[in-house]
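> Following this note's numbering, the numbering of the sequence shown begins with 265 at its first residue and continues without gaps.
Okay, handing you the structure first.
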Amino acid sequence: VRAWLSHPILDLLPPEPVSATSIKLRWKLQKDARRYVHGFYIRYRDLTSGTRHFRMEMVTKSNPQEYTVKELAKDTQYEFFMIPYHSQIHGHPSNSRIEKTLEDVPSSPPSGLQSSVVNVSTTVLTWLPPLPGRSNGVLTSYTLWVFVNNTHQQANVTVSAS
Numbered sequence: 265v266r267a268w269l270s271h272p273i274l275d276l277l278p279p280e281p282v283s284a285t286s287i288k289l290r291w292k293l294q295k296d297a298r299r300y301v302h303g304f305y306i307r308y309r310d311l312t313s314g315t316r317h318f319r320m321e322m323v324t325k326s327n328p329q330e331y332t333v334k335e336l337a338k339d340t341q342y343e344f345f346m347i348p349y350h351s352q353i354h355g356h357p358s359n360s361r362i363e364k365t366l367e368d369v370p371s372s373p374p375s376g377l378q379s380s381v382v383n384v385s386t387t388v389l390t391w392l393p394p395l396p397g398r399s400n401g402v403l404t405s406y407t408l409w410v411f412v413n414n415t416h417q418q419a420n421v422t423v424s425a426s
């Protein structure tokens with residue numbers, strides 16, 4: 265067993281972002297090595313933050329070929345690699361792959377909203393983008409909802425974020 269696991273037997277395929285918080289991993293295990301592998305350790309880290317710390321998940325299903333890593337940060341680049349194991353024996357690490365979670369709507373609203381009345385029919389609104397790290401991707405537009413007397417929606421306006 266140790267002899268089999270000491271050589272590269274696992275090829276991590278290109279990851280696939282599934283959502284803003286999950287990435288699907290697929291891999292190929294050498295056919296002859298399957299009987300020696302009880303499971304896999306999936307190691308991953310956030311490359312956007314610059315951390316060197318790898319998180320780990322354990323896959324113990326019999327003969328799995330894919331796994332979705334969940335609860336990831338939005339719009340964040342991750343590095344992944346895998347380690348096959350048999351009981352207490354850890355195998356040769358796979359190749360590493362890099363993938364980014366999908367973009368999503370911001371986690372917080374714009375800040376610093378201010379309004380200035382110009383005349384009876386015109387008000388100028390200004391604001392700042394969401395706080396750093398809360399945009400979850402590239403801001404493309406803002407949607408403004410205009411209400412009269414806080415109850416009746418008068419207009420719905422979309423403006424460019426640039």
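Cβ atoms here follow ideal geometry from the backbone N, Cα and C, with glycine treated the same way.
#1: Go ahead and pull the three-state DSSP assignment for leucine 277.
#2: Report yes or no: is there a C-beta of chain C within less than 8 Å of the C-beta of tryptophan 291?
#3: Cutting at 7 Å between CB atoms, please list the residues of its own chain near proline 393, excluding the five before and the five after it.
#4: Does the stretch 347-354 come within contact of the stretch 292-307, defined as at least 3 CB pairs closer than 8 Å?
#5: Does the contact criterion of 3 or more C-beta pairs under 8 Å hold for the stretch 377-395 versus the stretch 326-344?
#6: Does DSSP classify leucine 269 as helix, strand or coil?
#7: Is leucine 366 near glutamate 343, with beta carbons less than 8 Å apart?
#8: May I ask which residues mark the beginning and end of the beta strand (DSSP E) holding asparagine 420?
#9: Helix or strand or just coil, what does DSSP make of isoleucine 309?
#10: Is the beta carbon of histidine 271 less than 8 Å from the beta carbon of histidine 356?
#11: Between the alpha carbons of valine 369 and serine 283, how many angstroms are there, rounded?
Taking the geometry as given:
#1: Position 13 of the sequence shown holds residue 277. Residue state, collapsed to three classes: coil.
#2: Protein chain content of the structure displayed is limited to a single chain, and chain C is not contained in it.
#3: For the purposes of this step, residue 393 is taken as residue 129 along the sequence shown, with counting starting at 1. Excluding the 5 residues flanking it on each side, proline 393 has same chain C-beta neighbours closer than 7 Å at Pro374, Ser399, Leu403, in chain order.
#4: By the Cβ rule, the stretch 347-354 counts as touching the stretch 292-307, because three or more pairs are nearer than 8 Å.
#5: Judged by Cβ distances under 8 Å, the stretch 377-395 makes no contact with the stretch 326-344, as fewer than three pairs qualify.
#6: Position 5 of the sequence shown holds residue 269. When secondary structure is reduced to three states using DSSP, leucine 269 falls in the helix class.
#7: Within the sequence shown, the letter at position 102 stands for residue 366. Within the sequence shown, the letter at position 79 stands for residue 343. Cβ atoms of leucine 366 and glutamate 343: not closer than 8 Å.
#8: Within the sequence shown, the letter at position 156 stands for residue 420. Run containing asparagine 420: 416-424, per the beta strand (DSSP E) assignment.
#9: Taking the first residue of the sequence shown as position 1, residue 309 is located at position 45. The question names isoleucine, yet the displayed sequence has arginine at residue 309. When DSSP states are grouped into helix, strand and coil, arginine 309 belongs to the strand group.
#10: Locating residue 271 in the sequence shown gives position 7, counting from the first residue. Locating residue 356 in the sequence shown gives position 92, counting from the first residue. The Cβ atoms of histidine 271 and histidine 356 sit closer than 8 Å to each other.
#11: One-based indexing of the sequence shown puts residue 369 at position 105. One-based indexing of the sequence shown puts residue 283 at position 19. Spanning the two alpha carbons is a distance of roughly 12 Å.
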